[in-house]
Amino acid sequence: MITPALPRIDGIALVLEDAMIVAYDAAAMLSEFGALDVVVCATLSDAMERIRTGLRPALALLDIDLGGETSLEAACALNESAVPIIYSTGYEADSELLTAFPRGEMLLKPYTAEDIAKALQSLGFLTA
């Protein structure tokens, strides 16, 4: 049986997710896709501090709803540096909230490694 080629990140990934179990699951999946390191942030302020101090990930996976705030500020800052973004959300894809965010791939929770692989391929990450 031939195993299909998987997309490769080949760089640092940023995960912004307030539910730590979900964050570390996502980090493990991104590592499987070749992320050299995964920076996990539980709050918008932590992510913004890292971005302000020079973090330029090859990919960002951002939870839209961070429990009282959104990841919009981080999404806009990353978008300015042309960082590919995958959003994760429990909201419907046509939610009015989502229209404010820069372009990216969308994952509805709960998501799988296969869902991440499809999003990576859509963002142009080449297969290994």
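Be aware that the sequence shown starts at 1, since it is given in full-length UniProt numbering, and climbs by one per residue. The beta-carbon is built from N, C-alpha and C at its ideal position, and this holds for glycine as well. Given the structure is predicted, the values throughout are model-derived calculations rather than measurements.
Selected residue, minimal CA-CA separation from residue i, among the options
| i | options | result |
| --- | --- | --- |
| Thr-70 | Glu-114, Ala-28, Ser-45 and Leu-108 | Ser-45 |
| Glu-32 | Ala-5, Met-106, Pro-110 and Val-83 | Ala-5 |
| Glu-80 | Leu-98, Leu-55 and Tyr-91 | Leu-55 |
| Thr-112 | Ala-28, Arg-8 and Leu-14 | Ala-28 |
| Ala-47 | Leu-14, Gly-90 and Leu-59 | Leu-14 |
| Val-86 | Leu-97, Ala-42, Gly-34 and Leu-108 | For the record, residue 86 in the displayed sequence is Ile; it is not Val. That would be Leu-108, whose Cα lies nearest to the Cα of Ile-86. |
Cα-Cα separation, residue i to residue j
| i | j | result |
| --- | --- | --- |
| Gly-11 | Val-40 | 14 Å |
| Glu-24 | Cys-76 | The sequence as given places Tyr at residue 24; Glu does not occur at that position. Computed Cα separation, rounded: 23 Å. |
| residue 154 | Thr-127 | Residue 154 lies beyond the residue range present for the chain, which begins at 1 and ends at 128; the question has no answer from this structure. |
| Leu-36 | Val-83 | 16 Å |
| Gly-90 | Ala-58 | 24 Å |
| Gln-121 | Met-106 | 13 Å |
| Ser-88 | Gly-68 | 16 Å |
| Leu-123 | Leu-97 | 22 Å |
| Ala-42 | Leu-30 | 17 Å |
| Asp-115 | Gly-34 | 16 Å |
| Ala-119 | Glu-49 | 26 Å |
| Ala-117 | Ala-26 | 12 Å |
| Met-1 | Val-38 | Per-residue confidence for Met-1 stands at a pLDDT of 48, beneath the threshold of 50, marking its modelled position as unreliable; the derived number appears in the next sentence. Going by the C-alpha atoms only, they are around 31 Å apart. |
| Arg-8 | Thr-53 | 26 Å |
Whole-angstrom C-beta distance between residue j and residue i, which should lie under 8 Å
| i | j | result |
| --- | --- | --- |
| Ile-51 | Leu-78 | 7 Å |
| Leu-61 | Ala-74 | Contact doesn't hold; Cβ gap of about 11 Å is too wide. |
Near the ligand HEM: residue i beta-carbon under 7 Å from a heavy atom
| i | result |
| --- | --- |
| Ser-45 | The ligand HEM is absent from the structure shown, which contains no ligand whatsoever. |
Exercise. Count the C-beta pairs between the region 15-23 and the region 101-108 that are closer than 8 Å, then say yes if the count reaches three, no if not.
Key: As far as the Cβ criterion goes, the region 15-23 does not touch the region 101-108, which means the pair count is below three.
Quiz item: Where in the UniProt domain "Response regulatory" (12-124) do unbroken runs of the alpha helix (DSSP H), each at least 4 residues long, occur, reported from the N-terminal end onward?
Solution: Under the rule that a run must span 4 or more residues, the alpha helix (DSSP H) segments found entirely inside the UniProt domain "Response regulatory" (12-124) read 20-32, 44-52, 72-80 and 113-122.
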